[in-house]
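I have placed the structure first, in the form of structure tokens, so that the comments after it can refer back to it.
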Amino acid sequence: MVVNKKSLKSLRLITDFLFLNICFLLAAFIAQPIELFFTKNFHIFLLPVINILWFVSASITKMHREVYTQSIASLIFKVVKNVFVQIVFTIIFLFFIKEDLFTRNFIVLFGLFLTIIIFLKELVLNKIITSQLKNKVNRRKLAIVGSGELGQKFKSLIDKNITSYNFEGFIDEEQNISNSNYLGSLNNFEKIITETGIRDVVFAMPLLKSDRLKNLLRVADKHAVQVSIVPDYMQFVSNKFQIDLFENFPIITVRPNPLDELQWRFVKRSIDIAVSIFTFLILLWWLIPLISIIIKITSRGNIFFIQDRVGKNNKYFRCYKFRTMTIEASSNTSSTQPVTTTDSRITKIGMLLRKSNLDEIPQFINVLNGTMSLVGPRPHAIPFEENYTEMVEEIKLRHRVKPGITGWAQIHGLRGDVFDFEENKKRTQKRIDYDIWYIENWSLKLDLQIIIETFLQIILGKNKGN
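Here the sequence shown is numbered in the working numbering, starting from 157 and rising by one per residue.
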């Protein structure tokens, strides 16, 4: 409605491929010896692959999905995210073909050039779009049919966003708004659009009968007026939803889950594996044995506490933690008694591990074996899950994704239970609400935000485990 999406997407793709190839050749020219650059034909072989990989990474990160103008911060993140995926794919491809002519210098330069050039290109494009949308000479006159709540909401969106429209006013059965915004009755629909020169009409009138709507659409077609219809689904759905087309049928998905899409599950899983392996190689190879020895020396019992918990699709899995409680307390896996910071069941080393969240470290094993993710709703022990089910009706919605080592609810302080039943019920409901919000609004940016916030809270001692 505001910008020709297909034309803009095509323009972005064409300019992307142009600058992508320039950045590739420039990085190769600088990073490789001159004689190799001009004598070897590896550029001809690799360039098509690089272009295909860019198309794939742009599809995964939805690089060209946003049509409207964006802030510089969101633009930078969008470009960096896409270039990161492109570089990862390129490194993986070069690894498999064992092409050693492309050095680390080439990868760094290619990524740097690509980030700067694509960012500047998108910035210029956004400036052009903004100037075009603000140009009142080219703006289209728009009217909204329906001055009720739905019509007013749509009007407020037009006011808040930069669009190519001049809002002329409302058309409705009767005048219930100010004279300046009221164009007239639906009975005078044809007269209004011809006299005012309106080119776009938005129908935001839920109770409009189908026969009446057909007649109005016929009149709009007669005068070449662009028609859009705003369906009032909010009277049926109070949560987030999305609309897709299946052939010619509009499909409404209630509580959409971005991780239902295969490409996003692949990206999230790849990051889980890469970060877990990196963490093991840098930190955990020595930290896990060290903590294990300390636990074994300071208390009787096993090093690890292994407990069945509820995972994705309500399936049980074995969750690993360092044992932080006495052997008697650890053996009672059916207990639902909340654990407090002064709990006598916790060992001395266990208190330190819980305070620093180091007791969660073995869950990287769960991440590697695919039963958990780095970020997601925290997995409940089965007895707790049964209790929570009685408190929160929609609790199973949180099992649409893999549980995580950390999560959106946890960085907001919603960890563990309290003894007071009513207070605990409120906290549980709030925690589940946060989990569901995370699932419906998942993005790589959100995962990164949660990981960084978790790390900062651990460093500052604000993130006490339960």
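Cβ atoms here follow ideal geometry from the backbone N, Cα and C, with glycine treated the same way.
Would you please state the rounded distance, in angstroms, between the beta carbons of residue i and residue j? I believe it to be under 8 Å.
{"i": "Thr286", "j": "Glu324", "result": "Going by Cβ atoms, the distance from Thr286 to Glu324 rounds to 23 Å, so no, they are not a contact pair."}
{"i": "Arg510", "j": "Ile502", "result": "7 Å"}
{"i": "Trp598", "j": "Pro414", "result": "5 Å"}
{"i": "Ser529", "j": "Asp428", "result": "5 Å"}
{"i": "Gln398", "j": "Pro412", "result": "4 Å"}
{"i": "Pro518", "j": "Phe478", "result": "6 Å"}
{"i": "Gln419", "j": "Ile216", "result": "5 Å"}
{"i": "Leu514", "j": "Ile561", "result": "In fact, because the Cβ distance is near 12 Å, the residues do not count as touching under 8 Å."}
{"i": "Val381", "j": "Ile354", "result": "7 Å"}
{"i": "Ile228", "j": "Gly267", "result": "The Cβ separation is near 20 Å, so there is no contact."}
{"i": "Val557", "j": "Ser432", "result": "17 Å between Cβ atoms; not a contact."}
Given residue i, which residues of its chain have a CB within under 7 Å of its CB, disregarding the five upstream and five downstream residues?
{"i": "Glu278", "result": "Leu231 and Val235"}
{"i": "Arg456", "result": "Ile483"}
{"i": "Ile385", "result": "Phe359"}
{"i": "Phe233", "result": "Lys601"}
{"i": "Phe345", "result": "Ile327, Leu372 and Val375"}
{"i": "Thr259", "result": "Ala187"}
{"i": "Val466", "result": "Tyr472, Pro535, His536, Ile538, Glu541 and His555"}
{"i": "Gln605", "result": "none"}
{"i": "Leu203", "result": "Asn177 and Phe180"}
{"i": "Thr454", "result": "Thr503, Lys504 and Ile505"}
{"i": "Ala139", "result": "Coverage of the chain is limited to positions 157 through 622, which leaves residue 139 absent and any answer about it impossible."}
Does the beta carbon of residue i come closer than 8 Å to any beta carbon on chain B?
{"i": "Ile429", "result": "Of the chains in the structure shown, none is chain B; there is only one protein chain."}
May I ask which residues mark the beginning and end of the alpha helix (DSSP H) holding residue i?
{"i": "Gly532", "result": "No alpha helix (DSSP H) holds Gly532; DSSP gives it neither H nor E."}
{"i": "Ile348", "result": "Phe345 to Thr352"}
{"i": "Lys378", "result": "Ser366 to Lys378"}
{"i": "Phe434", "result": "Leu418 to Thr435"}
{"i": "Asn543", "result": "Ile538 to Met547"}
{"i": "Leu508", "result": "Lys504 to Ser512"}
{"i": "Asp515", "result": "Asp515 -> no alpha helix (DSSP H), and no H or E assigned at all."}
{"i": "Leu604", "result": "Leu600 to Leu616"}
{"i": "Ser448", "result": "Trp441 to Thr454"}
{"i": "Leu306", "result": "Glu305 to Lys316"}
{"i": "Ile438", "result": "Looking at the DSSP string, Ile438 is not in any alpha helix (DSSP H), and its letter there is neither H nor E."}
{"i": "Ile521", "result": "Gln519 to Leu524"}
Specify, as a first and last residue, the run of the beta strand (DSSP E) that residue i falls within.
{"i": "Ile408", "result": "Phe405 to Val410"}
{"i": "Phe461", "result": "Phe460 to Val466"}
{"i": "Leu477", "result": "Here residue 477 turns out to be Lys, not Leu, going by the sequence shown. That run of the beta strand (DSSP E) goes Tyr472 to Phe478."}
{"i": "Asp400", "result": "Phe397 to Phe402"}
{"i": "Asp576", "result": "First-last for Asp576: undefined, no H or E at that position."}
{"i": "Leu120", "result": "In the structure as shown, the chain begins at 157 and stops at 622. Residue 120 is therefore absent and cannot be evaluated."}
{"i": "Val383", "result": "Gln382 to Ile385"}
{"i": "Val358", "result": "Asp356 to Phe359"}
{"i": "Asn146", "result": "This structure cannot settle anything about residue 146, because the visible part of the chain is limited to 157 through 622."}
{"i": "Glu324", "result": "Tyr321 to Ile327"}
{"i": "Lys561", "result": "Here residue 561 turns out to be Ile, not Lys, going by the sequence shown. Taken as a continuous stretch (DSSP letters only), the beta strand (DSSP E) holding Ile561 covers Gly560 to Thr562."}
{"i": "Gly340", "result": "Tyr338 to Gly340"}
What residues in its chain sit with their C-beta under 6 Å from that of residue i, if we drop five residues either side in the sequence?
{"i": "Leu270", "result": "Cys179 and Val239"}
{"i": "Leu602", "result": "none"}
{"i": "Leu176", "result": "Trp210"}
{"i": "Ile206", "result": "Phe180"}
Taking all protein chains shown into account, decide if residue i is buried (16 or more other Cβ within 10 angstroms of its Cβ) or exposed.
{"i": "Arg583", "result": "buried"}
{"i": "Arg374", "result": "exposed"}
{"i": "Gly617", "result": "exposed"}
{"i": "Leu439", "result": "exposed"}
{"i": "Phe422", "result": "exposed"}
{"i": "Val280", "result": "exposed"}
{"i": "Ala565", "result": "buried"}
{"i": "Asp315", "result": "exposed"}
{"i": "Leu339", "result": "buried"}
{"i": "Thr409", "result": "exposed"}
{"i": "Leu174", "result": "exposed"}
{"i": "Thr545", "result": "exposed"}
{"i": "Ile273", "result": "buried"}
{"i": "Val531", "result": "buried"}
{"i": "Val264", "result": "exposed"}
{"i": "Lys424", "result": "buried"}
{"i": "Lys396", "result": "exposed"}
{"i": "Ala430", "result": "exposed"}
{"i": "Phe461", "result": "buried"}
Going along the chain, which residues of its own chain have a beta-carbon closer than 8 Å to the beta-carbon of residue i, five neighbours each way excluded?
{"i": "Glu330", "result": "Ser341"}
{"i": "Leu570", "result": "Arg583, Lys586, Arg587 and Tyr590"}
{"i": "Ile152", "result": "For residue 152 there is no data in the structure shown, the boundaries of the chain being 157 and 622."}
{"i": "Thr435", "result": "Phe520"}
{"i": "Ile444", "result": "Ile517 and Pro518"}
{"i": "Asn470", "result": "Lys552 and His555"}
{"i": "Ala214", "result": "Leu169, Asp172, His220 and Asn238"}
{"i": "Asp400", "result": "Pro406, Ile407 and Thr409"}
{"i": "Ile348", "result": "Ala299, Ile327, Leu339, Gly340 and Ile354"}
* Inspect the CB distances between the stretch 299-306 and the stretch 357-377 and report whether three or more fall short of 8 Å. => yes
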